[in-house]
Structures are given as structure tokens and as C-alpha cells.
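Under our numbering, the first residue of the sequence shown is numbered 588, with each subsequent residue one higher.
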Amino acid sequence: MKDRTADKSMLRRLRFTAVVLSFLLFSLVIVRLFYMQVINYDFYETRAMSNQTRDKTLYPARGTIYDTNMKPLAISASTEMLILMGNKLESDEQRAYIAENLSGILGMSYGDVFAKTQSTSRYIVISRGVEKDAADEVRAFIKANSGYDKFMYFLNDSTRYYPYGNFLSHVLGFVGSDEQGLSGIEYVYEEELSGTVGRSVTATNPRGDEMPFEYEIYYEAEDGHSLVLTIDEVLQHYLEKNLEVAYNDNKVRQGVTGIVMDVNTGGILAMATYPDFDPNEPFVLTNDDVVKELATIKDADERNAKRSEELDKQWNNKAVSFTYYPGSTFKIITASTGLEEGVISTSSTFICGGSYKVGTRSISCWKSDGSHGTQTLAKAIQNSCNPAFMQIGFKIGKELFTKYVEAFGLREKTGIDLPGEAVGLYNLTQDIDLAVYSFGQNFTITPIQLITAVSAVANGGTLLKPYLVKEILDKDGNVLESFGRTEIRQVISSETSEIMCGLLEGVVKYGTGKNAYVAGYRVCGKTGTTEKIAEQLQTGADDLRVSSFVAFAPADNPQIAVLILLDEPTVQPVTGGLTVAPVIRRFLEEAMPYIGVEPQYTEDELKSKDVTVPNILGLTLEKANAVLKAAGINGITSGSGDTVTDQLPAAGSIISNNANVMIFMGGSAPDTPITMPDLSGMTLDRAQKTLQNIGLYVKVEGIKTGTGNVIVTKQSIESGETVKYGDVIIIELSDMDQRAT
Ligand SMILES: [Zn+2]
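Structural data, given as C-alpha cells:
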């Protein structure tokens, strides 16, 4: 990353020459100043008070951080810095006077300003990042107080702004009050972003005015470089929106995190953790409960310690730092290993009797109400059957199993360009370890490791290095360095990769991943839910779960992978298939068309596809019926006029294609207010009839059919609220039989 091109070393030589030249020039001025101050001391002392030079630090502008389409996400704006020459102050009265007048303008406390004025330094930075309005007020204050211009002045400064607030906060990170990167990209790329500080020394006359040019030495500040991220602002927005919904819907205690990766390059397209924070004010705690809790702590030291612990938690990027049992999502790795080593094939069968014996211990399948019986490999993955995977684990053996875990990069940092990347615990020695490791228990990995490994399974078998910065630009926008696909190693063959894509598509089509199904798209995925054993032992709680889902699409030519993980969801039942799969679906529904993958509907999907209601106002009944028919909708007529005077629902509404549109031939549709009923737990059929009976329409999201226990889990209007006759209600269905871990 640091190897420079020939052009750059030329640049460096030029820069070196410039530094030498300015050093010589600087020495001349020093000699001159030395002459003024020492040799000719009396002469100048009689004319000057004591200050003959003004030494200014010149701050460079920090580089911009852009998303992949050059949307600026972190920018530096010109501001000013207020400097006070403490050696010129005469009394505490004066210090108090300054603090009284400036604290309000600068948004500081009286005490803070007063404390700063105590120093006798000639260069006290009272405040950085002062914006124009405040600076103008300070200038008016200086002007109104005779002589104040001799010891108070402004320098140019630059201030970091994050125009979209909380957006991408954990990835961007933030800067401290001295504009130095403290976390995230801002921290990792501090050297590239920060630029070089400049300096100017100017002689001043007795009145404090700057003397003519010959007495000035000037090192120009060198602005920082800009970064272009692999992050796509649109996908990031879709991810963040869905994480927030998932957090609230599932009353998640410890936060949610998600990563979207380009499986063919390793570029991170989106990465988020919720709750988030505003990098413009990173030290403000965003969790209200925490703020309330802090207020109850009496002891100041204790309160501060807790506060800084909570801030660390707030800034913590779980996507790279959180270690957890991957659970059943890891079955992707076990199956890939077994296929690659030839110890299993698509024609292998596995018997599940509800549990599996390892030595004297019996380890249960997640299916508590019976067993899975004899299953093909495809069924075993769809069922997420633990005994089947223990059998695969023993066919692989301990040594090979560990070899593949390492090859998939799960025992080392991925090397992503973010701070705080963790590595989990792995210690496979006994048979019992192999048994439970086979289905993802008792060893820990990070989310970034998992999605990187799964991307290798999806992309034909190559493990790639995940990365966030794709280009470094100079201040004129020229590309200085660029980064792309970095291959770590080939882990599995393209044949194994292809088989895995088929098997994982089956999980979403027929298995525990059904709730991630997106009409028109071939989605591959795997659920995973595990207990936080260590934390449960520590706290005595028994309901601490991590629920996750990893997916990629489309099955025939994988482009993107997405992993979403909920740390301690509390709405029961907690399973990857029920808790996270719908979140993945909502994300992919928006993301797939955005990345340019066209939907291809099957015949069944076309039958249950939604339709957009056409405009039939003003048409004859015959014409109106023809228009509706062409759109695949039936009409029900009311009245007997010549032309359509009203319709329900309104043109443009999206409804299920088996709904009837009301055609009013004379008069208009009733405007009766309706109280929204509670649909939760109803089947699609019952929900549709319930709404139809009171004059409401339905648009369905999520799976629409299925032999399982498919019921309404979400409705766009809460029960009890008032809606209008003919309104369209969006409902979401989930298959409640997806209880696999
Ligand atoms: Zn089973």
C-alpha cells in the first residue's frame, strides 16, 4: 500500500528541495530577527513593547472522504482559530472580562475560557473551528476594546464536518479537537488525510501590525489527500435503514451489525452497526438509557469511568471487533470442506435420529419434536440438521477441519483497513470439539471473517482481502494510488463453489431460509442462532442469543454477499430464520435491482405478483374493464352512469393481483373512516378477507405461499389507527416453522 511510483519519488525530491530552500530563507529571517532583538535591542525595545514576531501555525485542509460514486461523506471546511497572547494580559480583571464576553460567542463555559487566559504563553489557542458568524462577533469585541488587537487575533483553520450525521459513522470514525483521526477510516488513514502543517513567522511593528514582506517566512501548509471508499451510499442507506428496523422490531439489547461485500473484489459496499452516533459530536452519548443511568451515579470518578466505557462501546465497530459463535452459518464452511475433500457428495445421505453420540455424550439436533430421519446433503443443509453435520465433521477429521478453517481465513485477521479487528478463540483437540465445531459452536469468529469466507464460497473459491479504500487522490483529484481485488488463496474449487451455490439456494427456496426469499431473485443463504454461553454463565441469564443470517445472490452468478447479525434480540422466538431472514429479504429487495440485476419471475411468482392499479376515470364501463383486464385485475361495478366517476383504490396503488378494483359509475367512493384491525397471526387468506370486508386493500411482502405455518408478522398501519375506505395496507408474512438454530 505504501509503494510509491517514480512520479511520486520525483515529487518527493522537489518537496525536499523546497524544504531546504525555505530553511535557508528561514535562517536569514532568524538572523534578521536576532539582530533586531539582541544586537540592536535598545533601539527596537524603545520602539516596540516586546513583541516583534508573530509565529503562526498554518493548518492544512484535511482530505475529503468520498463514497464510491464521489459523494462527499467527510469534508473539511474553512474556519478560524482564535489566538490570545497571554503574556500581554495585565490583570485577572481583564482575564475575567475576556472570559465573560467571549465564552457565550464561542459556545464555551466561562471557566474554560478563564482557565486558558491564565497562561503567559504568547500563543494560546482559545478556540478552534470558529465559524464565520462567531468570528465576526469576536472581531467586533476586539474592535470595541482599544488595544485588544495587539494580543488577540485569528488564524485560518479547518474543521471536519460529516454532512450526513450518523451515516456510516462506525466506518468513517471521527477526529478529535485537534483534527486528528481517532477512529475508523479517519484513524487508519490519518497520514494520508492530514496533510502537512505549515508555518509563518512575521515581524511586527510596535503597534503590533505586521511588518513588510521582507520580514516574513512562510512554509505553505500542504493539504491532505482524499479517499474514495468502496462504500456505495445507496446500499449503505438500505442497510442502515433495515438494521434500525430490525433493532426496534426485535428489541435487541446489544446492537445489530451488517456487512455487504462485493464477492468478486472483496470491496465492502456497506457496513453498519446500530445504534450509531454522530461523528460531528462523537462524545455525545446516543443511548438515552445510558444517559439516564449515568445521571444516577453520584461519585464523579465512577461516573466518568462508566461514561468512557459507554463511549468506547458506542464507537465500537461490531462488524470487525465482535467475536461470536457463528452457529449454523458455519455449516457452509463444513459442507464446502467435505465436498472439496471428497468425503461427501451431493448423493450422500445422513441419518438424524434427533441426536448424535460422541463417546459417552449425546448431542441433540435443534429439532426438539422429533428427528429429521434420512436426508440427502441438500435436505440436511435445508433442515440445518446438527447430527448430519457432526457426521460430516467426523468424515473430514480434526486435522483437515482445522486446515480448512485456517484456509478460509477464520483464524487470522482479514487485514481490512479498519482499526480494532479482533480474532476469536479456536482450540480443537477432542472429538467432542470436532462434533460441535462442525455446526459452528464453541469457537468464535468475527462478522468480517465470516462474510469474507462465504464470499470465497460464492465467487468460485478464492479468499479475498476485504477493503474499504479504493483510491487515494491528491488535492486536485488525481489518483495517487488505487486498490482492488487482492487474492489471499484459492480455498475450494469452482466445482465445489458451484455445488454450494445450488445447495444454499435450496435453503432459501425450501429450507430454514425461506423468509429471505425475494420474488424474482435466486438468493442463497444460511441461518444461524447461538447462545452466548460465556455471558450466560457469567450473568445467570439463559436467553442471551446471537441471531444471524448470511446470504449472497444471484445463485447463478453471485455478485454481493450480505451478513446481518443481531446481538441479543429479545422478541421470541429467536431464530435466524424468523428474526434475521426477513431483514435480509427487505435489504435484497431494494439492493438487487439497484446493483442492476433484473428480476426473473417464475410462473408461480408471476401468478402472485403485485399489480399497479391503472387510471380508469372518465372511461366507459366497457373500456374500464378492458384496461383493468389488461393489467390482470378484476373490476366490481357500482352505479349505472355512462362513465367512471371514481375508482378504488386510486390509480398508482400497488395491490395483490387477486384483489378487485371498485368501479363507480356515478357518484364517488365512500370516504368512511375505518379503524385498522390487528392482523398479526392471521394467514394470508384470512387477512385478505378481513381487509376486503371492511373496504381495504392488501399488498403482501415476504413469502406469499407455502405449506408451512405462514402468517402475518407485520402490518404497515398499526391496529387501532384510522384509515380511509380503499386504502392499501402492506402486510408482511413469515413462515413461523423456521425455528432451526
Ligand atoms: Zn436433525
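Virtual Cβ for every residue (Gly too), placed ideally from N, Cα, C.
*Give a yes or no on contact between the segment 1221–1233 and the segment 1249–1256, applying the rule of three or more CB pairs nearer than 8 Å.*
yes
*Tell me whether V1078 sits in a helix, a strand or coil according to DSSP, three-state version.*
Coil, per DSSP.
*Can you say whether I1242 is buried or exposed, counting buried as having 16 or more other CB atoms within 10 angstroms of its CB?*
buried
*Could you please give the first and the last residue of the uninterrupted alpha helix (DSSP H) stretch that includes P974?*
N973 to I983
*Since I believe L814 is in contact with I772 (beta carbons under 8 Å), could you give me their beta-carbon distance rounded to a whole number of angstroms?*
7 Å
_Selected residue, minimal CA-CA separation from L1005, among V1044, Y776, G1183 and K828_ = Y776
*asked:* According to DSSP, N1221 sits in a beta bridge with which residue or residues?
replied: N1247
*Mark F1026 as exposed unless 16 or more other C-beta atoms lie within 10 angstroms of its C-beta, in which case mark it buried.*
In summary, F1026 is buried, with 16 or more beta-carbon neighbours lying within 10 Å of its beta-carbon over all protein chains present.
*Label S678 either buried or exposed according to how many other C-beta atoms from any shown protein chain fall within 10 Å of its C-beta, with 16 as the threshold for buried.*
exposed
*Whose C-alpha, out of L1204, S665 and D642, is nearest the C-alpha of G1254?*
L1204
*Buried or exposed: where does P1260 fall if 16 or more other Cβ atoms within 10 Å of its Cβ makes it buried?*
exposed
*On a CA-only basis, which of T947, C1088, S971 and N753 is nearest F572? Give me that one, please.*
For residue 572 there is no data in the structure shown, the boundaries of the chain being 588 and 1328.
*With C-beta atoms as the reference, is G785 less than 8 Å away from Y774?*
Taking 8 Å as the Cβ cut-off, G785 and Y774 do not qualify as a contacting pair.
*How many angstroms separate the CA atom of N874 from the CA atom of D899?*
13 Å
*Under the assumption that N743 contacts S690 (Cβ atoms under 8 Å), give the Cβ distance between them as a whole number of angstroms.*
With a Cβ gap of about 23 Å, N743 and S690 do not count as contacting.
*Going by the CB atoms, is the gap between T1162 and P1034 shorter than 8 Å?*
no
*C-alpha distance - G763 paired with Y646, whole-angstrom precision*: 15 Å
*At a cut-off of 7 Å, is S958 close to ligand 1 when judged by its beta-carbon and the heavy atoms of the ligand?*
Flag set: Cβ of S958 near ligand 1.
_For S770, which residues in the same chain have their Cβ closer than 7 Å to its Cβ, ignoring the five residues on either side in sequence?_
G760, F761, W902 and P1006
_Give me the residue from S1135, V1285, Q1279 and N1014 with the minimum Cα distance to S915._
S1135
_Checking 8 Å against the spacing of the C-beta atoms, do G650 and L780 come in under that value?_
Their beta carbons are under 8 Å apart, which means G650 touches L780 by this criterion.
*asked:* Is it the case that the segment 1008–1020 contacts the segment 930–939, given that we only count it when at least three CB pairs across the two stretches are under 8 Å?
replied: no
*When burial is assigned at 16 or more other CB atoms within 10 Å of the CB, is Y1108 buried or exposed?*
Y1108 counts as buried, since at least 16 other C-beta atoms from the protein chains shown sit within 10 angstroms of its C-beta.
*Along the chain, which unbroken stretches of the alpha helix (DSSP H) at least 4 residues long are found entirely within the segment 1016–1046?*
1018–1024 and 1034–1045
_Closest Cα partner of N867 within the set H757, T1116, A1238 and E831_ = H757
*Looking only at C-alpha atoms, which of S1240, L1208 and N1244 sits nearest to S1227?*
L1208
*asked:* Spatial neighbours of F976 within its chain, please: C-beta separation below 6 Å, excluding the five flanking residues on both sides.
replied: K918, T921, S1025 and F1026
*Hey, could you find the ends of the alpha helix (DSSP H) M1179 is sitting in?*
It spans A1168 to Y1181 - the alpha helix (DSSP H) in which M1179 sits, taken as one unbroken run.
*Close-in-space but distant-in-sequence residues of the same chain around Q1234 (CB under 7 Å, 5 per side omitted)*: I1203, L1204, V1248, M1249, I1250 and F1251
_For G785, list the residues DSSP reports as bridge partners._
L645
*asked:* Quick check on A635: does DSSP put it in helix, strand or coil?
replied: Residue confidence is low: A635 scores 42 on pLDDT, short of 50, so the model does not pin down where it sits. Its coordinate-derived value is still stated next. Assigned with DSSP and collapsed to three states, A635 falls in coil, not helix or strand.
_Judging by CA-CA distance, which residue of D1191, K1196 and T1039 is the nearest neighbour of V1149?_
Of all alpha-carbon atoms in D1191, K1196 and T1039, the one lying nearest the alpha-carbon of V1149 is that of T1039.
*May I ask you to report which of helix, strand or coil DSSP gives E820?*
helix
*Quick one: what's got a C-beta closer than 6 Å to T1117's C-beta in the same chain, skipping five residues either side?*
Y912, G914 and V1133
*asked:* Judging by CA-CA distance, which residue of V877, G853, E889 and H824 is the nearest neighbour of T860?
replied: H824
*Does DSSP put K1194 in a helix, a strand or coil?*
helix
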